[in-house]
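In my numbering, the protein residues as written are 12 to 178.
Take a look at the structure:
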C-alpha cells in the first residue's frame, strides 16, 4: 500500500505541474513519462510514507498542504531577500547548527527537512530521530544561536506545520 500511495501522490503532482504545457491538457509522452517517474519516486519513498500511508489519501491532509503552501512560500521569499542582502554586503557567518525538534515520525522529519532546505541560506545536512534533532547548514548563524533551544530561529513556523501535516 505505501508504494501505491506514494505513486499516486507523485503522479498527481506530475499532472498538476505539467498541465497545459503542450496546448492540450497533457500529451501522451507527458502521461507516460509521469507514470515512469511516479513509479520511481513511489518505489524510492515507500519507506518514508510508511505503514500509515492511507493518511496521505485523506482530503483534510491535502487541504492542510494547500494551507501550508503560502506559509512555505512566504518563508522562501523572506529567505531570498536575506540571502541577497548577505551576498551584496558579504555579511555571512556560516555554520552547521544542531536544531532540536519535537517530531514523531519519518514523514514529519521529511516535511521539516525539505521545508528548511527549500528556503535559501539553509540546508538540512542530517536528520537524527534518535537525538530528536536536525543538523542544518545555515548561511548566517547569529551570535548566541550556535546552539538554539528550539527550531524557531532556523525553521520558523515549519516545525509546527510538519508536526500537523505528518501525523
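Ideal Cβ positions, reconstructed from N, Cα and C, are used throughout, including at glycine.
Boundaries (first-last residue) of the alpha helix (DSSP H) holding residue i
i	result
residue 142	That residue, residue 142, is in no alpha helix (DSSP H); it is neither H nor E in DSSP.
residue 122	117-129
residue 75	70-100
residue 164	163-166
residue 110	From DSSP, residue 110 is part of no alpha helix (DSSP H) but of the beta strand (DSSP E) over 106-111.
residue 26	13-29
residue 172	169-176
Cβ separation of residue i and residue j, assumed to be a contact under 8 Å, to the nearest whole Å
i	j	result
residue 127	residue 82	In fact, because the Cβ distance is near 13 Å, the residues do not count as touching under 8 Å.
residue 120	residue 105	Not confirmed; about 23 Å, so no contact.
residue 109	residue 103	That pair is no contact at about 19 Å.
residue 36	residue 30	6 Å
residue 177	residue 116	6 Å
Chain-order list of residues whose beta-carbon lies under 6 Å from that of residue i (same chain, five-residue window excluded)
i	result
residue 134	128, 148
residue 38	none
residue 56	17
residue 138	120, 124, 145
residue 130	86, 87, 90
residue 118	177
residue 46	none
Cut-off 7 Å between Cβ atoms - residues of its own chain near residue i, not counting five sequence neighbours on either side
i	result
residue 6	Residue 6 is absent from the model: the chain starts at 12 and stops at 178.
residue 24	none
residue 54	14
residue 136	107, 146, 147, 148
residue 68	16
residue 172	79, 82
Chain-order list of residues whose beta-carbon lies under 8 Å from that of residue i (same chain, five-residue window excluded)
i	result
residue 88	none
residue 1	In the structure as shown, the chain begins at 12 and stops at 178. Residue 1 is therefore absent and cannot be evaluated.
residue 152	104, 105, 106, 108
residue 114	120, 123, 140, 143, 170, 173, 174, 177
Distance, residue j Cα to residue i Cα
i	j	result
residue 17	residue 100	43 Å
residue 93	residue 167	14 Å
residue 27	residue 58	24 Å
residue 50	residue 76	22 Å
residue 41	residue 71	29 Å
residue 80	residue 22	19 Å
residue 86	residue 132	11 Å
residue 157	residue 48	40 Å
residue 20	residue 12	12 Å
residue 150	residue 84	19 Å
residue 159	residue 95	24 Å
Bridge partner(s) assigned by DSSP for residue i
i	result
residue 134	148
Any C-beta of chain B under 8 Å from that of residue i
i	result
residue 149	The structure shown contains no chain B; it is built from a single protein chain.
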